[in-house]
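Undergrad: Residue numbers (our numbering): 6 to 124.
Can you read through this structure? Questions will come right after.
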Amino acid sequence: MTVLILKGVITSVAVSIFCILFLALISLTSDNTFIEAYMQYIMVGVSLTSIFIGSAYATQQAQAMGLIIGVTVGIIYVLVSLGIGVELNNETLSMLVVVNKLVAGVAAGALGGLVGVNL
């Protein structure tokens, strides 16, 4: 089960990196201010989509325990992303931000886990 959770987290991170590079390419090659104006919201969508895909991938291979694996993938992804964000920005995080991201990550992971088990 631990290997599947690790595969799910790695898949989530890989999807995030791919989407971030794609958005960076679009942002650099076009003069579209839409992306720059809504980048914060786009990144939330990328994170939640990545957690969903990683959880679905891990639970599809497990064929059982969809909620547990999905929620665990979501929590680990959020904790890793918060840790990277704190190191890069040198900012402190409020408890509200951490709880908000954890709840969203758990929800996306649980949904991905349920979908992955049923695929």
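From the three backbone atoms N, C-alpha and C, an ideal C-beta is built for every residue, glycine too.
As the structure is a computational prediction, the values presented were derived from the model and not from experiment.
Could you tell me if A60 is buried or exposed, where buried requires 16 or more neighbouring beta carbons within 10 angstroms of its beta carbon?
TA: The count along the sequence shown starts at 1 and reaches residue 60 at position 55. Note on identity: in this sequence residue 60 is Ser, with Ala being the wrong assignment. Counting Cβ neighbours within 10 Å, S60 comes out buried, since at least 16 surround it.
Undergrad: Starting from N105, follow the alpha helix (DSSP H) in both directions and report where the run begins and ends.
TA: In the sequence shown, residue 105 corresponds to position 100, counting from 1. Per DSSP, N105 belongs to the alpha helix (DSSP H) from 100 to 122.
Undergrad: Quick check: I40 and L26, are their CB atoms within less than 8 Å of each other?
TA: Within the sequence shown, residue 40 is the residue found at index 35, counting from 1. Within the sequence shown, residue 26 is the residue found at index 21, counting from 1. Their beta carbons are not under 8 Å apart, which means I40 does not touch L26 by this criterion.
Undergrad: Just how far apart, CA to CA, sit M70 and S35?
TA: Within the sequence shown, the letter at position 65 stands for residue 70. Within the sequence shown, the letter at position 30 stands for residue 35. In a straight line, the C-alpha of M70 is about 44 Å away from that of S35.
Undergrad: Taking V49 and C24 to be in contact with their CB atoms under 8 Å, please state how far apart those CB atoms are, rounded to whole angstroms.
TA: Taking the sequence shown and counting its residues from 1, the one referred to as residue 49 is at position 44. Taking the sequence shown and counting its residues from 1, the one referred to as residue 24 is at position 19. Contact doesn't hold; Cβ gap of about 12 Å is too wide.
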